[in-house]
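Numbering of the sequence shown is given in the working numbering, commencing with residue 3 and proceeding in unit increments. Using N, Cα and C, we set each Cβ at its ideal position, and we do this for glycine too.
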Amino acid sequence: MSLINMSQKKFILTISGHDPTCAAGMTMDVMVANKFNIHCLSVINNLTIQDAKKLHKIINVDEKFFKENLKNLTKNFKVSGIKIGALSSNKIIEETANFVKTKSKIPIIIDPIIKAGGGGLFLKKENLNLALKNLYPLATLITPNREELLGLTGFNKITDSIKKLQDLGIDKVYVTGNEINKKIVNMLFVNGEKKLEIKTTKLDKKIHGTGCALSTSILCNLISTKDLPKSCKEANKFMEKYLSNSLTTGQQEFINLNQ
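Rendered as structure tokens:
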């Protein structure tokens with residue numbers, strides 16, 4: 003059996019939660035990174051009780067444990083990029099923001115998850131306000147779907163929401179899941195201007211974990227290409243490939259990465 007030289011591997015770090023279905027959250031980030039031959043380190047900030055139907059309970063990890071984990075991992079591994087997923091407490095949001103400020107030279111992709119796909123909130127209003135003020139402006143890119151974008155801003159139009167985020171210092175936004183004429187239109191906005199539009203066929207099924215997979219795919223592409231529009235395009239191709247043959251549990255569809 004041949005040994006893998008890990009010194010030749012690239013590393014990313016995911017700061018996310020644990021989904022016990024393993025179809026989203028930290029587990030999905032790790033699986034997607036593996037498809038790009040990238041090793042994904044992980045720091046879990048919350049544990050959940052959830053299934054295909056609902057998010058039942060969230061348990062936030064101790065912030066000192068969280069902070070120590072971040073410090074230890076990044077002391078021992080050279081991280082090329084960071085993906086941030088579901089956060090669910092002000093203390094963790096603050097610790098994450100403080101950590102990200104020390105990593106300004108590498109790409110930071112944030113998937114601003116407000117609620118679980120099956121229902122149940124990760125971010126309450128006070129958490130969301132803190133993240134909008136202290137964390138999201140530090141991102142290279144945030145990747146909300148249309149519903150999340152409108153939830154972040156309180157507006158009912160994408161253009162108004164993009165302007166609100168820009169006013170908050172959040173200048174790069176990739177909006178997904180916008181339905182126009184039975185097509186899904188994903189759009190990249192930079193400094194308030196639409197720089198990219200990608201149209202895809204709307205699927206007649208709801209697949210768990212797509213936001214996690216997309217944002218991690220963008221990061222994996224970005225640390226190689228250094229080109230944000232190209233990374234979004236390549237991530238979209240990646241998603242189309244693996245969503246076309248999803249797995250069904252009888253209750254929910256999961257992304258099938260075993261192709």
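| query | result |
| --- | --- |
| Mapping the DSSP letters down to three states, classify residue 48 as helix, strand or coil. | strand |
| In angstroms with no decimal places, state the Cα-to-Cα distance between residue 34 and residue 219. | 7 Å |
| If we count the other Cβ atoms within 10 Å of its Cβ and call it buried at 16 or more, is residue 213 buried or exposed? | buried |
| Alpha carbon to alpha carbon, how far is residue 223 from residue 89? Give it in angstroms, no decimals. | 24 Å |
| Based on Cα-Cα distance, which residue from 181, 180 and 161 lies nearest to residue 173? | 161 |
| In whole angstroms, what is the alpha-carbon distance linking residue 194 and residue 107? | 23 Å |
| If you reduce the DSSP assignment to three classes, tell me which class residue 85 lands in. | strand |
| Between residue 86 and residue 184, what straight-line distance do the alpha-carbon atoms span, to the nearest angstrom? | 30 Å |
| For residue 236, count neighbouring C-beta atoms within 10 Å of its own C-beta (all shown protein chains included) and say buried if the count is 16 or more, exposed if not. | buried |
| So, is residue 144 buried or exposed, given that buried needs 16 or more other C-beta atoms within 10 angstroms? | buried |
| Can you find a heavy atom of the ligand FAD that lies under 6 Å from the Cβ of residue 213? | Of ligands this structure carries none, so the ligand FAD is not represented either. |
| Let me check one thing: in DSSP terms, what residues is residue 210 bridge-paired to? | 256 |
| Within 10 angstroms of its Cβ, does residue 51 collect 16 or more other Cβ (buried), or is it exposed? | exposed |
| Closest by CA to residue 40, which one among 11, 18 and 201? | 11 |
| Can you tell me where the beta strand (DSSP E) holding residue 63 begins and where it ends? | Per DSSP, residue 63 belongs to no beta strand (DSSP E) and is neither H nor E. |
| Leaving out five residues on either side along the sequence, give the residues of the same chain with a beta carbon under 7 Å from the beta carbon of residue 233. | 220, 223, 224 and 227 |
| Going by beta-carbon coordinates alone, are residue 48 and residue 19 separated by less than 7 Å? | yes |
| Give every residue of the same chain whose Cβ lies closer than 8 Å to the Cβ of residue 129, excluding the five residues on either side of it in the sequence, and list them in chain order. | 89, 90, 91, 92 and 95 |
| Residue 195 bridges to which residues according to DSSP? | 192 |
| Whose CA, out of 31, 43, 154 and 188, lies closest to the CA of residue 269? | Outside the shown range of the chain, which is 3 to 261, sits residue 269, and nothing can be said about it. |
| For residue 147, does the three-state DSSP call read helix, strand or coil? | strand |
| Beta-carbon within less than 7 Å of residue 5's beta-carbon, same chain only, minus the 5 sequence neighbours each way: which residues are those? | Confidence at residue 5 is low in this model, with a pLDDT of 47, below 50, so its placement is unreliable and the value that follows should be read with caution. Closer than 7 Å at the Cβ level, and outside the excluded window around residue 5, lies no residue. |
| With distances taken Cα to Cα, identify the nearest neighbour of residue 97 among 69, 152 and 244. | 69 |
| Quick one: what's got a C-beta closer than 6 Å to residue 123's C-beta in the same chain, skipping five residues either side? | 117 |
| Take the Cβ of residue 171 as the centre, count every other Cβ of all protein chains shown within 10 Å, and call the residue buried at 16 or more, exposed below. | exposed |
| Can you check DSSP and say which residues form a bridge with residue 180? | 187 |
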